[in-house]
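What follows is a set of notes on a single structure, which appears directly below.
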Amino acid sequence: MLSDRIQTLSPSLTIAISSLARDLKAQGKDILSFSAGEPDFSTPQPIKDAAIKAINEGFTKYTAVAGIPELLEAIATKLKRDNGLDYAPSDIIVSNGAKQALFNLFQTVLNPEDEVIIPAPYWVTYPELVKYTGAIPMIIETNEIAGFKITADQLRNTITPQTKMLILTSPSNPTGSVYSKQELEALAEVLKGTNILVVSDEMYEKLVYGIKFVATASISEDMYQRTVTVNGLSKSVAMTGWRFGYLATPNKTLIAAMNKLQSQSTSNINSITQKAAIPALLGEVDDDIETMRRAFEARADEAVQLFNAIEGLSVLKPEGAFYLFVNIKDVSNDSIEFCKDLLQATGVAVIPGIGFGSQGYFRFSFATDIITIREGIRRIEKFIKHTRG
Ligand SMILES: Cc1ncc(COP(=O)(O)O)c(C=O)c1O
C-alpha cells in the first residue's frame, strides 16, 4: 500500500528515545530530558501582541502564497541589516518553518541520482529529505580536531559531476560549530566554476557565543548567486510552535518553481503568524533575544566545564546554537545502547550521536534551566563512574 518513496524515510531516533522516556515516566520514573530542539523561553510579548491584534482586526483570510508584502519587506530589511545581503521581497518565500522551506527546495531542485554533500554531524532531517527525492546524500565526516567543520580539500575530493548541492549549517545543530569568514572563503574558492547550489541553513544565527556570525551568501558575488539562504525564528526568538521559516535566493526561476509547489500544497502560512513575525524581523525584540542568548551562553559555559570534568567524556565549547555534542568514545562505541541504558538507569534523556551521522557521541540540549542541567550532568557522571567500574 505504501509508496516506494515513503519507505526511503528512516524512523526518527529522537522519537524512539522520547517514547521510551514517556513509558518510563508513566511508570513513575523521574525523567530529565535534554533532547529538546527548542528554547525553554516563552515567545516575547510584542510578538504575542502583534498576533492578538491581527486576530482582533480579522486578519484571518488566505494571503499571497509566499507571504504578505509587508512581511517580505521586513525579511528583506532584516537580511540587509543583519547580513549585508540585498534581496528583493520577490526573492523570498515564507514557509511553515525552515523545515518546509528545505522540503520544498529539495523537491524543486533534486532529481534521482543527484548528489548532495552533507557534512556530518548533520541535522537529522537533511539526509532524509534528500533521500525522499531519490537523490543521494554524500556525507563528509568531521571531528573535534577540525572543529566539526569540513575543509576545502574534503569538499574538493567529494565533488563529482553528479554533485548538485552542498548543505552548510552554521551555527550547527548538533555540534554548535560556526564557520568563520576565512573558512567560508576557502569553500567558496572550491565551488567557483561549478554549478553547485549551496543551501545555507542559518537558523541559529542569533545564538552565537563570543564570535561573529557570517552569512554564506555574503562571502562574494559568486556565493550570493549560488546560495539559498534559509532562516526562521523558531530558535532565536522562541517561536517553534508558530511555524515560521523562509528562504531567499536571487534565482528567479527557482523562486517561481517553489511558489508553484507551495501554491499546490500548503499555500500561505498561517496569516496570524505572518503578522506576528514582523516585529521580530524589524528588531523590536532584540533585547529579548539578547537576554536568551546570554542565558544560553552561561549555561553552555557551565555545562562544558562540568562535562569535561567527567573522566571518559569530553566536549568542545559550542560557538553557537544550544547543544553540546559530547564524546563518549572512551565509554561506549554504540551511542544508541548508551543512551537507552543511561535513560533506563538515571532517567536522563539525550539523543544518540548516530542519529546525526556520528557514532561515539550524544547530543545534550541546554535549552533547559541550569538547575536541571546540573542535576542531569550529576546523574550522567554517576552513571559513567558506575559503568567504568
Ligand atoms: C539546523 C536546523 N534547521 C532547521 C530547523 C527547523 O526549524 P523550523 O522548521 O522550526 O523553522 C531546525 C530545527 O531543529 C534545525 O536545527
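Under the working numbering, the sequence shown has 1462 at position 371, and the numbering climbs by one with no breaks.
We put the beta carbon where it would ideally sit given N, CA and C, even for glycine.
Only a predicted model underlies this, so the values are computations on that prediction, with no experimental measurement involved.
Cutoff 7 Å; reference residue i; Cβ partners in own chain excluding five residues on either side
i: Gln1131; result: Going by the sequence as given, residue 1131 is Asp instead of Gln. Here the set comprises Ala1458, Thr1459, Asp1460.
Nonlocal neighbours in the same chain, by C-beta distance under 6 Å from residue i, ignoring five residues either side
i: Pro1137; result: Pro1370, Glu1375, Val1376
i: Arg1247; result: Val1281
i: Gly1411; result: Pro1262, Gly1267, Val1269, Tyr1295, Leu1298, Val1299
i: Ala1145; result: Ile1363, Lys1366
Any non-hydrogen atom of ligand 1 closer than 7 Å to residue i Cβ
i: Met1256; result: no
Distance between residue j and residue i (C-alpha atoms, nearest Å)
i: Gln1316; j: Ala1157; result: 20 Å
i: Ala1117; j: Ser1124; result: 14 Å
i: Lys1408; j: Lys1303; result: 15 Å
i: Pro1265; j: Asn1399; result: 18 Å
i: Ala1308; j: Val1221; result: 22 Å
i: Asn1418; j: Ser1362; result: 43 Å
i: Thr1344; j: Ala1440; result: 44 Å
i: Ser1186; j: Asn1202; result: 22 Å
i: Ile1231; j: Ile1250; result: 11 Å
i: Ala1348; j: Phe1194; result: 13 Å
i: Cys1076; j: Phe1453; result: The requested residue 1076 is not part of the displayed model; the chain covers only 1092 to 1480.
i: Phe1474; j: Ile1427; result: 15 Å
i: Ser1449; j: Ala1211; result: 7 Å
i: Gly1119; j: Gly1438; result: 10 Å
i: Asp1244; j: Ala1142; result: 48 Å
i: Ser1271; j: Lys1240; result: 10 Å
i: Pro1443; j: Ala1107; result: 10 Å
i: Ile1464; j: Asp1432; result: 19 Å
i: Ala1167; j: Pro1160; result: 10 Å
i: Ile1468; j: Gly1480; result: 18 Å
Cut-off 8 Å between Cβ atoms - residues of its own chain near residue i, not counting five sequence neighbours on either side
i: Glu1276; result: Ile1310, Ser1311
i: Lys1190; result: Thr1216, Gly1336
i: Asn1350; result: Val1156, Ala1157, Ile1184
> Taking only runs of the alpha helix (DSSP H) that begin and end inside the region 1129 to 1163, which ones reach a length of at least 4 residues, in chain order?
Replying inline: 1136 to 1147
>> I'd like the ranges of any alpha helix (DSSP H) spanning at least 4 consecutive residues and lying wholly in the region 1299 to 1363.
In response: 1312 to 1317, 1343 to 1355
> So which residues put a beta carbon under 6 Å from any heavy atom of ligand 1, going in chain order?
Replying inline: Gly1128, Gly1188, Ala1189, Lys1190, Trp1214, Thr1260, Asn1264, Asp1292, Met1294, Gly1323, Ser1325, Thr1331, Gly1336
> Could you give the uninterrupted runs of the beta strand (DSSP E) lying entirely in the region 1161 to 1206, keeping only those of 3 residues or more?
Replying inline: 1183 to 1186
> Enumerated in chain order, which unbroken segments of the alpha helix (DSSP H) with a length of 4 residues or greater are wholly contained in the region 1422 to 1453?
Replying inline: 1426 to 1437
>> Please give the ranges of any beta strand (DSSP E) in the region 1251 to 1300, keeping only runs that are unbroken, at least 3 residues long and fully inside the region.
In response: Correct list: 1254 to 1260, 1288 to 1292.
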